[in-house]
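Quick notes on the structure that follows.
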Amino acid sequence: MHSQVVLVLLIFVGACSASRRLGHNYHGCCSSNMRNMEEKVNDLWGQLLFPVNHKSGALYAVCNVRPNPTFPPSSISGSISFRQLSPSKHLEMMMDIQGFTCSGGPHLHGIHVHTYADLKDGCEGAGPHFNPFNVSHPHHPGDFGNFHHDATGHLVKPLRRLLKGTLFGPESFIGRSIVIHEGEDDLGSGGNPGSLLHGNSGRRLACCVIGISATLPS
Ligand SMILES: [Cu+2]
Ligand SMILES: [Zn+2]
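The sequence shown lines up with residues -18 to -1, 1 to 200 when you count with mature numbering (1 follows the signal peptide of the UniProt record, and there is no 0).
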């Protein structure tokens, strides 16, 4: 697929430059051919940049939460699911995570999308917050904010529209990771450098890799 796109692009670029060298202008007899070629290239770029996994053109993704093996043992598990009906539509997210411990009273947990998905040595491999636009926390596309669980250690959030983030194109969440933190995200108001990097949300309780899924969980 990629090699086909590259080949068509090379032919297109070559044809354009040859046409210019020969003094052709785009309003001549071959302009419709060039237009067709341009549409074809745009289609191929679209397929390359905006993969879809559903005949409707939507993309679905899931992150299956696992405890951080480098953290004191926990039984945290569950999933964070995403749906985006098209590149121009808002990303939607739902959460269903259980196994939070209720000791020390109820408190909030910061949850974010992080840059890397190499979690073999624990959630530290997730690296910093995913920051494709080089902005400060809490303006990263995957800064989801703070969440609390109920008295049984269960965190459930129904499908809701997110203001930022996408599954499509070069800034896609797919292939990144999500980290669930031990503590509350100060949302940039901490008055120290960490606040503008990660919100001082503390240790990494659990994490997961965001991958394409067939649909949302029922
Ligand atoms: Cu985080
Ligand atoms: Zn952030």
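For glycine and all other residues, C-beta sits at the position ideal for the given N, C-alpha and C.
6 Å CB neighbourhood of residue i in its chain, flanking five on each side removed
i: T52; result: G104
i: T197; result: Y42
i: T97; result: G109, P110 and F112
i: C45; result: I62, I160, C190 and I192
i: G172; result: N182
Closest Cα partner of residue i within the set the options
i: P123; options: T83, L26, N35 and E153; result: E153
i: G81; options: P114, V138 and S171; result: V138
i: H130; options: H119, S171, P110 and M77; result: M77
i: I156; options: A43, L26 and D25; result: A43
i: F112; options: V95, S14, P49 and L149; result: V95
i: L141; options: S57, M19 and R65; result: R65
i: H180; options: E21, T83, I93 and K22; result: I93
i: E166; options: G193, S85 and N182; result: N182
i: L184; options: H36, K22, R48 and H89; result: Here residue 184 turns out to be Gly, not Leu, going by the sequence shown. The residue with the shortest Cα to Cα distance from G184 is H89.
i: L145; options: G176, V47 and D125; result: D125
i: T148; options: T134, V34 and L26; result: V34
i: N116; options: H91, G172, L178 and N174; result: L178
Contact set for residue i: own chain, Cβ-Cβ below 8 Å, skip 5 residues either direction
i: G39; result: L67 and S68
i: S70; result: none
i: P49; result: P55, S56, S57, I58, S59, G81, L187 and A188
i: residue 201; result: Nothing about residue 201 can be read from this structure; the chain reaches only from -18 to 200.
i: P114; result: P123, P152 and E153
i: S200; result: none
Where residue i falls: helix, strand or coil (DSSP)
i: R158; result: coil
i: D25; result: helix
i: P120; result: coil
i: S70; result: coil
i: S38; result: coil
i: C84; result: coil
i: N50; result: coil
i: S56; result: coil
i: S14; result: helix
i: A43; result: strand
i: G107; result: helix
7 Å Cβ shell around residue i - same chain, five flanking residues per side excluded
i: G143; result: Going by the sequence as given, residue 143 is Arg instead of Gly. Same-chain partners within the cutoff: H72 and E74.
i: L101; result: G107, A108, S159, C189 and V191
i: C84; result: A133 and G135
i: V47; result: I58, S59, G60, S61, I62, I79, I162, A188 and C190
> Just checking, does the segment 185 to 195 make contact with the segment 157 to 164 on the three C-beta pairs under 8 Å criterion?
Replying inline: Enough Cβ pairs lie closer than 8 Å, so yes.
>> Which complete beta strand (DSSP E) runs does the segment 135 to 189 hold, if anything under 3 residues is left out?
In response: If we require 3 residues or more, the beta strand (DSSP E) runs fully inside the segment 135 to 189 come out as 137 to 143 and 159 to 163.
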